[in-house]
Amino acid sequence: MFIISRDGWVLASTRTVSLQCDNCQNTGEHVVWVHPGGLQLGFMLMKKCISTNKKYYLMCPTCSNATRELTKYEALRYKI
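The sequence shown runs 1 to 80 under our numbering.
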(Lines of atoms letter the chains of each structure in order from A and count residues from 1; the text may use other names and numbers.)
(Lines give C-alpha, C1' and ligand atoms only; values in the text may rest on other atoms or scores of the structure.)
Protein backbone atom coordinates (compact mmCIF):
# COMPACT_ATOMS: atom_id res chain seq x y z
CA MET A 1 0.00 0.00 0.00
CA PHE A 2 1.23 3.51 -0.76
CA ILE A 3 -0.04 7.08 -0.74
CA ILE A 4 -0.47 8.52 -4.21
CA SER A 5 -1.52 11.71 -5.92
CA ARG A 6 -3.43 10.98 -9.08
CA ASP A 7 -5.41 12.76 -11.76
CA GLY A 8 -8.98 11.73 -12.38
CA TRP A 9 -10.47 9.09 -14.65
CA VAL A 10 -13.60 8.42 -16.68
CA LEU A 11 -16.25 6.59 -14.66
CA ALA A 12 -16.50 3.09 -16.11
CA SER A 13 -19.66 1.88 -17.89
CA THR A 14 -21.33 5.27 -18.17
CA ARG A 15 -23.09 6.78 -21.13
CA THR A 16 -22.07 10.13 -22.63
CA VAL A 17 -24.20 13.28 -22.57
CA SER A 18 -24.50 15.64 -25.53
CA LEU A 19 -23.94 19.19 -24.19
CA GLN A 20 -22.53 22.52 -25.30
CA CYS A 21 -19.37 23.46 -23.44
CA ASP A 22 -19.34 26.84 -21.67
CA ASN A 23 -15.62 27.23 -22.32
CA CYS A 24 -15.10 26.32 -26.01
CA GLN A 25 -18.74 26.57 -27.21
CA ASN A 26 -18.48 23.18 -28.99
CA THR A 27 -21.24 20.61 -28.73
CA GLY A 28 -19.87 17.19 -27.88
CA GLU A 29 -20.37 13.98 -25.98
CA HIS A 30 -19.36 14.83 -22.40
CA VAL A 31 -18.14 12.00 -20.19
CA VAL A 32 -18.55 11.50 -16.44
CA TRP A 33 -15.16 12.32 -14.89
CA VAL A 34 -14.11 11.31 -11.36
CA HIS A 35 -11.60 13.55 -9.59
CA PRO A 36 -10.16 12.14 -6.35
CA GLY A 37 -9.43 14.47 -3.49
CA GLY A 38 -8.27 14.24 0.08
CA LEU A 39 -6.21 11.26 1.23
CA GLN A 40 -5.59 8.76 -1.59
CA LEU A 41 -4.34 5.23 -1.05
CA GLY A 42 -3.36 2.77 -3.74
CA PHE A 43 -2.11 -0.79 -4.05
CA MET A 44 0.59 -2.02 -6.41
CA LEU A 45 -1.71 -3.74 -8.94
CA MET A 46 -4.73 -1.41 -8.68
CA LYS A 47 -5.53 0.99 -11.49
CA LYS A 48 -7.79 3.08 -9.26
CA CYS A 49 -7.19 4.55 -5.86
CA ILE A 50 -9.18 4.64 -2.68
CA SER A 51 -10.00 8.27 -2.00
CA THR A 52 -11.70 9.92 0.94
CA ASN A 53 -13.34 12.64 -1.13
CA LYS A 54 -14.29 12.10 -4.81
CA LYS A 55 -15.93 14.74 -6.98
CA TYR A 56 -17.83 13.98 -10.18
CA TYR A 57 -18.04 16.20 -13.26
CA LEU A 58 -19.28 16.18 -16.84
CA MET A 59 -16.11 16.83 -18.87
CA CYS A 60 -15.86 18.30 -22.37
CA PRO A 61 -14.01 15.99 -24.82
CA THR A 62 -12.63 18.94 -26.82
CA CYS A 63 -11.07 21.22 -24.20
CA SER A 64 -11.19 18.99 -21.07
CA ASN A 65 -13.21 21.60 -19.18
CA ALA A 66 -15.39 20.40 -16.30
CA THR A 67 -18.74 21.63 -17.59
CA ARG A 68 -20.93 20.70 -14.64
CA GLU A 69 -20.34 19.22 -11.18
CA LEU A 70 -22.46 16.20 -10.31
CA THR A 71 -23.36 14.55 -7.04
CA LYS A 72 -22.40 10.90 -6.60
CA TYR A 73 -26.01 9.83 -7.16
CA GLU A 74 -26.34 11.91 -10.34
CA ALA A 75 -23.12 10.36 -11.67
CA LEU A 76 -24.35 6.85 -10.90
CA ARG A 77 -27.56 7.53 -12.85
CA TYR A 78 -25.43 7.69 -16.02
CA LYS A 79 -24.31 4.06 -15.51
CA ILE A 80 -25.31 1.70 -18.31
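Where is the CB? At the ideal position from N, CA and C, for every residue including glycine.
None of these values were measured; they are calculated from a predicted model.
So, is L70 buried or exposed, given that buried needs 16 or more other C-beta atoms within 10 angstroms?
By the 10 Å Cβ count, L70 comes out buried.
Cross-strand partners of K54 (DSSP beta bridge):
Beta-bridge pairing links K54 to P36.
For the alpha helix (DSSP H) containing A12, list its first residue and its last residue.
Premise fails: A12 is in no alpha helix (DSSP H) and is neither H nor E.
If you follow the alpha helix (DSSP H) that K72 is part of, which residue opens it and which one closes it?
Element bounds for K72: 72-77.
G8 in three-state terms, based on DSSP:
Under the three-state reduction of DSSP, G8 is assigned to coil, being neither helix nor strand.
So which of E29, T14, L76, N53 has the shortest CA-CA distance to T67?
Ranking the options by Cα distance to T67, first place goes to E29.
Let me confirm a value: A12 is counted as buried when at least 16 other C-beta atoms fall within 10 Å, else exposed. Which label applies?
A12 is exposed by the Cβ-count criterion.
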